[in-house]
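In our numbering, the protein residues as written are 694 to 1083.
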Amino acid sequence: MSASSSLAARRARSDAGWLFSASFRPFFFGASTLAVVSIPLWVWMYLTGVAEVAGMPAMAWHAHEMVFGFLPAVMAGYLLSATPNWSGKLPASGKPLALLFALWAAGRIVPLLAPLPLAVAADAAFPVVVTLALVREARVKAPRQSRHGLMLFPVLAVASVAHRLLAADYDTASMLARVGVAVAVLLISAVGGRLVPSLTRNALANRGADRVPEPYGRYDVALLAVIFPALAAWAITPAYWLSTALLGLAAILQGIRLFRWRGWLVRQFDVLALHAGYLWVVVGTALAAMTGEPFGFVPPDTALHAFTAGAIGCMTMAVMTRLSTSRGIGTKAGELPCAIALAAVNLSAVARVSAPMLGESYAGLLVAGSALWALAWLLFCAAQLGARFK
């Protein structure tokens, strides 16, 4: 990027204001706010028997907002921040970024107020526009870890529209929600497979460690060749014996991969958080294997929330914290609430995953998990706002 382009970028960011001066910021802040509000609201609906929200069964609305509302916002923030690294273009900021964020916000608000056709249009607009923007950028050679996101975002967009249209059919809606979750876990496996060992190598090298994780290689390619059909099988036929076999193999390979990264030697909280997030991928895959034939002794809800509250919740916060602290929070005052938030979101996942297996304590663990989740994301919001006023 030339000096004149760099100067233009600084001026554009200054004119855009704090929220829209960085590609990731509005989406990370919006996703965090949605996380703070939607989970406690859902738990209240569940405990009080609310049957329908935004023309959808309440359970389907809960799944939709987290899988097709929260997740695309995080993905968009990450990918839009990454594209300038390979395209050489200025990152999105100012009015274009504000309009894109408005589309995401409309997808959350309009369905609460409008009939189904408008709700579907509002819901579909954001993933479609982001997909088009990313496809345009993909004309320039993108690194592999970013191409995974470019390929998977359109799948998420189609699943989101289908989920809203077919929400009344419980089995179909559940399958489509699992498709969205599978996309997220596959993306974590692909991008995390490069990001986590790379940052771990840097952290250990700075401490003078003799042994560091090996670079991305054939083992990782083989793992993705297994995890892709395993997650596809789980999304479509979670109880089938072939799904169990694929998921069991994938869980073993994921566990070996995590062990090879030597996370127990790391001392940096933001890198440790990435290892913890990936541990939830291993746990979720293993639990998913135990829900199907011939086992069936783990409730499906347990595996699902190991993927969602665990892998997605913890890994997205870890990545968001890493990006935010390097490009905005960046102070001890901002790092402390982020560290507490990362601990709280992991504890929240433990409570939520344990709840279905502890029948009499289900409601209490649901409330506890919801409170810890909301606290975690509220602290992350506070850290972002703190950066605004530092």
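Idealized CB from N, CA, C, for every residue including glycine. Quick caveat: nothing in here was measured; it's all calculated off a predicted structure.
Applying the criterion that 16 or more other CB atoms from any shown protein chain within 10 Å of the CB defines a buried residue, is residue i buried or exposed?
i            : result
residue 935  : exposed
residue 986  : exposed
residue 790  : buried
residue 881  : buried
residue 920  : buried
residue 1063 : buried
residue 964  : buried
residue 710  : exposed
residue 771  : buried
residue 924  : buried
residue 824  : buried
residue 863  : exposed
residue 1086 : Shown here, the chain extends from 694 to 1083; a query on residue 1086 therefore has no answer.
residue 762  : buried
residue 949  : exposed
residue 713  : buried
residue 1117 : Residue numbering for the chain in the displayed model covers 694 to 1083; residue 1117 lies beyond these limits and cannot be assessed.
residue 988  : exposed
DSSP beta-bridge partners for residue i?
i           : result
residue 749 : 746
From the DSSP output, in three-state form, read off residue i for me.
i            : result
residue 816  : helix
residue 853  : helix
residue 758  : helix
residue 862  : coil
residue 1052 : helix
residue 926  : helix
residue 718  : helix
residue 909  : coil
residue 990  : coil
residue 712  : coil
residue 931  : coil
residue 731  : helix
residue 970  : helix
residue 789  : helix
residue 1060 : helix
residue 961  : coil
Hey, out of the options, whose CA is closest to residue i's CA?
i            : options              : result
residue 915  : 929, 904, 942, 1075  : 942
residue 1030 : 956, 974, 1078       : 1078
residue 716  : 792, 756, 748, 753   : 792
residue 1075 : 726, 713, 933, 939   : 726
residue 896  : 846, 962, 744        : 962
residue 765  : 746, 728, 753        : 728
residue 930  : 870, 889, 959        : 870
residue 990  : 947, 1049, 820, 966  : 1049
residue 996  : 1065, 878, 888, 1013 : 878
residue 1009 : 953, 719, 1035       : 1035
residue 828  : 736, 948, 819, 846   : 846
residue 1073 : 1047, 1028, 1057     : 1028
residue 1005 : 966, 1018, 984       : 966
residue 909  : 891, 844, 902, 732   : 891
residue 932  : 1038, 1059, 984, 796 : 984
residue 903  : 843, 769, 955        : 955
Would a check of beta-carbon distances place residue i closer than 8 Å to chain B?
i           : result
residue 978 : The structure shown contains no chain B; it holds only a single protein chain.
Ignore the nearest five residues each way along the sequence and tell me which others in residue i's own chain have a CB closer than 8 Å to its CB.
i            : result
residue 922  : 939
residue 751  : 735, 738, 739, 743, 744, 745
residue 699  : Here the model assigns residue 699 a pLDDT of 49, short of 50, so the residue's position is not dependable and the matter cannot be decided.
residue 1007 : 966, 969, 970, 973, 1035, 1038, 1039, 1042
residue 980  : 991, 995, 996, 999, 1046
residue 1065 : 1037, 1038, 1040, 1041, 1044
residue 697  : A caution first: residue 697 carries a pLDDT of 47, below 50, which makes its placement in the model unreliable, though a value can still be read off. Nothing listed; no residue qualifies.
Sorted by chain position, which residues of the same chain lie with C-beta nearer than 6 Å to residue i's C-beta, five sequence neighbours on each side aside?
i            : result
residue 815  : 799, 800, 803
residue 1045 : 998, 1002, 1062
residue 749  : 860
residue 774  : 716, 717
residue 1071 : 729
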